[in-house]
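Numbering (the UniProt record's numbering), first residue to last: 1 to 281.
Backbone N, C-alpha and C define an ideal beta-carbon position, used for all residues, glycine too.
Notes follow once the structure below has been shown.
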């Protein structure tokens with residue numbers, strides 16, 4: 001008498017369980033050191049992928065793919081031919097589509113992987129404090145006059161593409177120069193200022209606008225600030241031309257309505273690598 005499909009499925013599940021139990025109890029890791037290394041490397045690889053994608057939209061899609069893979073596995077065990085046929089092509093299509101649909105998120109994730117976790121050539125504390133003081137003073141002056149401005153402070157990630165879109169300056173960071181750059185009707189006031197270490201590297205630089213949607217009340221400067229900080233480790237300060245409000249963008253997150261004192265504290269912490277992000281609560 002032939003087995004039914006259910007009996008065959010149960011037999012396969014029990015057989016897989018027996019094989020897994022044999023592997024755990026009988027496998028001698030001392031005789032197979034490279035297999036241990038192989039397992040560890042695969043585990044580290046999957047953990048890295050999880051860390052890189054856990055804060056992106058792609059992670060939600062990966063959860064869905066994992067659920068579909070589990071359903072497809074059950075379908076194979078239960079020999080559900082139609083379900084297996086459909087899910088096989090669905091999964092294949094999703095694997096091809098993910099790199100295209102989520103290119104910005106994946107690019108930012110790979111950039112974070114290659115980003116050093118320590119300051120390799122940072123400023124001395126007294127020089128850093130001087131730069132922060134000058135930037136905060138300039139931001140405060142622009143805020144009082146309700147003159148717009150956007151300051152991009154580079155860290156480890158290079159901003160060569162952004163710098164090349166503007167006018168090279170290579171000058172000391174001073175409040176007077178920063179305020180003059182953003183004075184209305186001057187040639188350089190429309191774009192962003194790039195500050196690298198203790199130098200104003202360039203002005204009138206154009207930041208790429210992000211593809212993802214933000215709140216409707218965000219202006220072009222604020223959207224550009226959130227976009228570039230999502231893809232790099234830069235810090236961006238924005239002064240609203242309409243309200244004079246001071247905003248700070250880090251890692252794609254925008255904090256609006258800071259006081260000059262709060263801005264200074266955040267900049268010192270972020271630039272000296274004592275802080276990874278900002279909280280106002």
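Where residue i falls, given that 16 or more other Cβ within 10 Å makes a residue buried
i: residue 223; result: buried
i: residue 249; result: buried
i: residue 51; result: exposed
Whether residue i touches residue j by CB criterion (8 Å)
i: residue 194; j: residue 152; result: yes
i: residue 129; j: residue 166; result: no
i: residue 227; j: residue 206; result: no
i: residue 225; j: residue 157; result: no
i: residue 168; j: residue 202; result: yes
i: residue 84; j: residue 93; result: no
i: residue 232; j: residue 178; result: no
Straight-line Cα distance separating residue j from residue i
i: residue 90; j: residue 47; result: 25 Å
i: residue 253; j: residue 229; result: 8 Å
i: residue 284; j: residue 208; result: Any property of residue 284 remains undetermined from this structure, which presents the chain solely from 1 to 281.
i: residue 99; j: residue 236; result: 28 Å
i: residue 147; j: residue 197; result: 25 Å
i: residue 326; j: residue 263; result: Here the chain covers residues 1 to 281 and nothing more, so residue 326 does not appear.
i: residue 79; j: residue 42; result: 29 Å
i: residue 216; j: residue 242; result: For residue 216, the predicted model reports a pLDDT of 49, less than 50, meaning its position is unreliable and no value from the coordinates is stated.
i: residue 127; j: residue 186; result: 29 Å
i: residue 174; j: residue 182; result: 13 Å
i: residue 125; j: residue 40; result: 40 Å
i: residue 154; j: residue 77; result: 54 Å
As assigned by DSSP and simplified to three states, the class of residue i
i: residue 248; result: strand
i: residue 183; result: coil
i: residue 199; result: strand
i: residue 119; result: Residue placement at residue 119 is poorly supported in this model, since its pLDDT is 46, which falls under 50; the coordinates are not used for a value here.
i: residue 269; result: helix
Whole-number beta carbon distance between residue j and residue i, since they are thought to touch under 8 Å
i: residue 200; j: residue 171; result: 5 Å
i: residue 143; j: residue 244; result: 4 Å
i: residue 135; j: residue 267; result: 7 Å
i: residue 96; j: residue 239; result: With 8 Å as the limit, residue 96 and residue 239 do not qualify as a contact, their Cβ atoms being about 44 Å apart.
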